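One structure is given here, and the rest of the page talks about it.
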Amino acid sequence: MISSIFEEQLTIELEKVLLRPITADDAEDLYDIFSDKQVMKYYDRLPLKSREEADDLAKMFMDGLADKTMIRWGIEEKAGGKLIGTCGFFCISEDDKKVEIGYELRRDRWGMGIMSEALGAIMKFIFTRTDINRVEAFVEVQNVASMRLLDKLGFVNEGTLRQYERCRNELIDVTIWSCLRSDGVY
Ligand SMILES: CC(C)(COP(=O)(O)OP(=O)(O)OC[C@H]1O[C@@H](n2cnc3c(N)ncnc32)[C@H](O)[C@@H]1OP(=O)(O)O)[C@@H](O)C(=O)NCCC(=O)NCCS
Numbered sequence: 044m045i046s047s048i049f050e051e052q053l054t055i056e057l058e059k060v061l062l063r064p065i066t067a068d069d070a071e072d073l074y075d076i077f078s079d080k081q082v083m084k085y086y087d088r089l090p091l092k093s094r095e096e097a098d099d100l101a102k103m104f105m106d107g108l109a110d111k112t113m114i115r116w117g118i119e120e121k122a123g124g125k126l127i128g129t130c131g132f133f134c135i136s137e138d139d140k141k142v143e144i145g146y147e148l149r150r151d152r153w154g155m156g157i158m159s160e161a162l163g164a165i166m167k168f169i170f171t172r173t174d175i176n177r178v179e180a181f182v183e184v185q186n187v188a189s190m191r192l193l194d195k196l197g198f199v200n201e202g203t204l205r206q207y208e209r210c211r212n213e214l215i216d217v218t219i220w221s222c223l224r225s226d227g228v229y
């Protein structure tokens, strides 16, 4: 059962960053990340416009943890304690034994291997601490960085969902990626 992990210690220490649950105090750093148009370019939600929206976002992540519908870790730099991104899973299906992942990083920290390390640790967490069988990700076809990241982490591209969802007022193509327990990567 995945529900038991919500009561456990969730902090994960990596070489340069700590992965730990998001709190209300993270709102300012979340605003910096989620108000950046480049970070939000491939998201189906608009960049944040105010600190209040960042407070709501922090609350959404905290509520998701409290009601056991998602775990979103904050990615905190060990040097300085700044929150530079988030990653985690949601759309938890106990029946199908699957979850969907999401992740984003401050633009000035891109290309340094940080998300490879963070998301790799989350994948290991999922396959060692839960009985989840399938981890999936939906990525816009133009989001090269995200697809490269998933490929590197052992995900398989299962194809393109044509005109799958409305984003920025148009119907866009989305690629679907998965990593299965039986793939044996983690
Ligand atoms: C996607 C994202 C999280 C990647 O994080 P990151 O820490 O920069 O990724 P990494 O440095 O660990 O790189 C992972 C791989 O992708 C490659 N990569 C990273 N950015 C790339 C880019 N812009 N173009 C091509 N490849 C890229 C890296 O070279 C690396 O591959 P390699 O080890 O073979 O060289 C980051 O670009 C981001 O926050 N984007 C905006 C939010 C977003 O799109 N989230 C995903 C929604 S589906």
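Just so you know, we're using the working numbering here: the sequence shown kicks off at 44 and counts up by one.
Every residue, glycine too, gets a C-beta built ideally from N, C-alpha and C.
On a predicted model such as this, the values are computed, not experimentally measured, just so you know.
Reference residue i; option with closest CA among the options
i      : options                           : result
GLY197 : ASN186, THR171 and SER225         : SER225
ARG209 : PHE49, ALA180 and ASP87           : ASP87
ILE118 : ASP106, GLU160, ARG191 and LEU100 : GLU160
THR112 : GLY163, PHE132 and GLY128         : PHE132
ASN212 : TYR85, ASP151 and LEU192          : TYR85
ILE45  : THR218, PHE104 and SER136         : SER136
First and last residue of the uninterrupted alpha helix (DSSP H) at residue i
i      : result
ASP75  : 70–77
THR171 : 157–172
LYS195 : 187–195
Residues bridged to residue i [DSSP beta-bridge criterion]
i      : result
TYR146 : CYS130
GLY202 : ILE219
ILE55  : LEU62
Bounding residues of the beta strand (DSSP E) (the contiguous stretch that carries residue i)
i      : result
PHE104 : Not the beta strand (DSSP E): PHE104 falls in the alpha helix (DSSP H), residues 94–109.
VAL60  : 60–64
VAL178 : 177–183
GLU119 : 114–120
Residue i, buried or exposed, once every other Cβ within 10 Å from all chains shown has been counted against 16
i      : result
ASP72  : buried
GLY128 : buried
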